[in-house]
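Chemist: Chains as they are written, first to last, in the numbering used here: chain X, 1 to 200; chain S, 201 to 400. Where a beta carbon is used, it is the ideal one built from N, C-alpha and C, also for glycine.
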């Protein structure tokens, strides 16, 4: 019987770790420490679309850890696409407020890339594009939300955590919910199974 | 300023309570204590489809509590539709094993009804039909799953908890993920907001 490859999540995201843990996956966490700005500048110079950029970022995070880590390494990236622009994580609560004021009452897309390496080589890539429709909100409602949700929301590109109070901001979510949370869990579990990293 | 109506969840389901709590909703739980078999027999006698049955069951649970409870009362029901049949919760682990053996490699639907009453009168009904595709599994894989997941799965009509180890059983989930968990959260939050039961 061969040994199962160990699994490493190349992400500091609490929700990604929580998704894997809930599914009973045994894994280690290593933060990738990638300078995303260089990859973004390079992608812009090459005329990449946001899907290519998300895949490049997920690949860079995956390989930064996989270079030093045997077994399976999982990298992931999420880009918020709003009116054909990519939005970064808000820097502070004022930014978050401006972001929500801009996005309320309109749809946006969360482009999500997952990349898996085995022993330093990329063996799988996956892309999802769930679409979310934020409900129309007044400034007073947005302020009430920000006061109640607190600075935890700054870890999300959309200034919301849909798995918590952020659910209150949406009229509709279409597409893969796991990709909304930050990682396409079901196809990822399929790869882990195929590679013998999880038993069933 | 008028007083906000209080909210009561007419369900003993842990996951439904958890969804509302995560969304920051303040509510009480009252188990409805409805005899579902009478409603089911009646629905069969009347030639109801499964969607009508789910709505009748959710309405009965909602009103059983709303008769004695002022404010907002939320009732919900979920029926698993597999090959044009309704499947009930498995009675024990042997039942669960037989269920999973039958359902593996095939799609099924979770018909989900939510009913809201205000001061004893139904004011809103909602129906969702998310579709899930269970992956092809061997008997050994199903046994490994059942051993790892334990008897908690007996609380689910499908003998799985997709928010936990059950994620490993699926190739794909299409439709409203909250309805898969047991209650269509986003439109429900819309009603709570409209009725002034939640602030934003």
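Can you tell me whether residue 76/X is helix, strand or coil according to DSSP?
Modeler: Looking at residue 76/X - three-state DSSP - the assignment turns out to be strand.
Chemist: With contact counted as at least three CB pairs below 8 Å, one residue from each stretch, are the segment 169-187 of chain X and the segment 125-138 of chain X in contact?
Modeler: Judged by Cβ distances under 8 Å, the segment 169-187 of chain X makes contact with the segment 125-138 of chain X, as three or more pairs qualify.
Chemist: Would you kindly check if the distance between the Cβ of residue 161/X and the Cβ of residue 110/X is under 8 Å?
Modeler: No, they are not a contact pair.
Chemist: Any C-beta of chain X sitting closer than 8 Å to the C-beta of residue 283/S?
Modeler: Chain X contact via Cβ: absent.
Chemist: Check this for me: beta carbons of residue 15/X and residue 197/X, under 8 Å apart or not?
Modeler: Cβ distance not < 8 Å, so residue 15/X and residue 197/X don't count as in contact.
Chemist: May I have a chain-ordered list of the beta strand (DSSP E) segments no shorter than 3 residues that lie completely inside the segment 111-177 of chain X?
Modeler: Segments of the beta strand (DSSP E) lying fully in the segment 111-177 of chain X: 121-128, 131-134, 170-174.
Chemist: With 8 Å set as the bound, which would you pick, yes or no: does the beta-carbon of residue 145/X sit closer than that to a beta-carbon of chain S?
Modeler: It does: the Cβ of residue 145/X has a partner Cβ on chain S nearer than 8 Å.
Chemist: If you count every other CB in all the chains shown that lies within 10 Å of the CB of residue 182/X, and 16 or more means buried, which is it?
Modeler: Answer is buried; the Cβ neighbour count reaches 16.
Chemist: What first and last residue would you give for the beta strand (DSSP E) that runs through residue 398/S?
Modeler: Note, residue 398/S: premise wrong, no beta strand (DSSP E); not H, not E.
Chemist: Hey, residue 65/X and residue 3/X: beta-carbon distance below 8 Å or not?
Modeler: The answer is no: Cβ separation not under 8 Å.
Chemist: Report yes if the CB atom of residue 146/X is closer than 8 Å to the CB atom of residue 96/X, and no otherwise.
Modeler: Closer than 8 Å, so yes.
Chemist: Report the CB separation of residue 250/S from residue 357/S in whole angstroms; it is logged as a contact under 8 Å.
Modeler: Contact doesn't hold; Cβ gap of about 12 Å is too wide.
Chemist: Going along the chain, which residues of its own chain have a beta-carbon closer than 7 Å to the beta-carbon of residue 36/X, five neighbours each way excluded?
Modeler: Here the set comprises 57.
Chemist: Spell out whether any CB of chain S is found under 8 Å from the CB atom of residue 14/X.
Modeler: Residue 14/X does not count as touching chain S.
Chemist: Please classify residue 64/X: does DSSP put it in a helix, a strand, or coil?
Modeler: In the structure shown, residue 64/X sits in a helix (DSSP, three-state: H, G or I).
Chemist: Using the rule of at least 16 other Cβ atoms within 10 Å of the residue's Cβ for burial, across every protein chain shown, is residue 68/X buried or exposed?
Modeler: Per the 10 Å Cβ criterion, exposed.
Chemist: Name the DSSP beta bridge partners of residue 7/X, please?
Modeler: Paired residue(s): 72/X.
Chemist: Under the three-state reduction of DSSP, which class applies to residue 302/S: helix, strand or coil?
Modeler: Three-state DSSP puts residue 302/S in a helix.
Chemist: Under 8 Å between C-beta atoms, does residue 158/X make it to chain S?
Modeler: False, the Cβ-Cβ gap to chain S never drops below 8 Å.
Chemist: What span of residues does the alpha helix (DSSP H) with residue 286/S cover, start to end?
Modeler: Run containing residue 286/S: none in the alpha helix (DSSP H); it sits in the beta strand (DSSP E), 285-287.
Chemist: Look up residue 28/X in the DSSP assignment and say whether it is helix, strand or coil.
Modeler: Strand at residue 28/X.
Chemist: Along chain S, in chain order, which residues have C-beta atoms closer than 8 Å to that of residue 195/X?
Modeler: Those do not exist, as residue 195/X stays about 14 Å from chain S at its closest Cβ, beyond 8 Å.
Chemist: Is it buried or exposed for residue 328/S, if we count other Cβ within 10 angstroms and need 16 for buried?
Modeler: With 16 or more Cβ atoms within 10 Å of its Cβ, residue 328/S is classed as buried.
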